[in-house]
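Colleague: Please read through the structure below; I'll follow up with questions.
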Amino acid sequence: VGTARDIRKALQRTGMRTVYDDTGAIGKLYRRQDEIGTPFCITVDFQTLDDGSVTVRDRDTMQQERVASAELQSYLREKIA
C-alpha cells in the first residue's frame, strides 16, 4: 500500500491525474477503469516489492508491460505524447 501511494504521489507531482483503487479483484478494477476511460492502469504487486517494477496495462490494447518504478514517469509521458 505504501509503495503504491508513493508512486501515486510522484506521478501527481508531475501533473498527472491519478486514481488509487485497491477495492476488489484486479479484473474488476481494470474493467471499472476501462469504463471511465483511464488510459493506463498501474499495478503494484509482490514483484514490485522484489525488484521495484510495476505492471502497466494499456486500456486500448489490453497489453501489459513491466516497467521499473524509476522509469514510470518517462514511460507514461512517452506513451501519452
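Numbering-wise, our numbering puts 28 at position 24 of the sequence shown, and it's gapless, one number per residue. Glycine included, C-beta positions come from ideal geometry on N, C-alpha and C.
1. With a cut-off of 8 Å, do at least 3 Cβ pairs link the region 29 to 37 to the region 10 to 21?
2. Taking 9 Å as the threshold (C-beta atoms), are serine 78 and valine 58 in contact?
3. Which residues in the same chain have their Cβ closer than 6 Å to the Cβ of valine 60, if we skip the five residues on either side of it in sequence?
4. To which residues does DSSP link arginine 69 through a beta bridge?
5. Would you report the Cα separation of threonine 27 and aspartate 55, rounded to the nearest angstrom?
6. Excluding the five sequence neighbours on either side, which residues of its own chain have a C-beta within less than 8 Å of the C-beta of glycine 41, listed in chain order?
Modeller: A quick look at the data gives this:
1. Output reads no: the region 10 to 21 does not touch the region 29 to 37.
2. Taking the first residue of the sequence shown as position 1, residue 58 is located at position 54. Taking the first residue of the sequence shown as position 1, residue 78 is located at position 74. Against a cut-off of 9 Å, the Cβ pair of serine 78 and valine 58 comes out as no contact.
3. Your numbering for residue 60 matches position 56 in the sequence shown. Cβ within range, chain order: Phe44, Ile46, Glu69, Val71.
4. Your numbering for residue 69 matches position 65 in the sequence shown. The amino acid at residue 69 is misidentified as arginine; the sequence shows glutamate. For glutamate 69, which the question treats as bridged, DSSP gives the partners Val60.
5. Position 23 of the sequence shown, counted from the start, is the residue given in the question as residue 27. Position 51 of the sequence shown, counted from the start, is the residue given in the question as residue 55. Those two C-alpha atoms are separated by around 24 Å.
6. Your numbering for residue 41 matches position 37 in the sequence shown. Within the same chain, glycine 41 has close Cβ partners Arg63.
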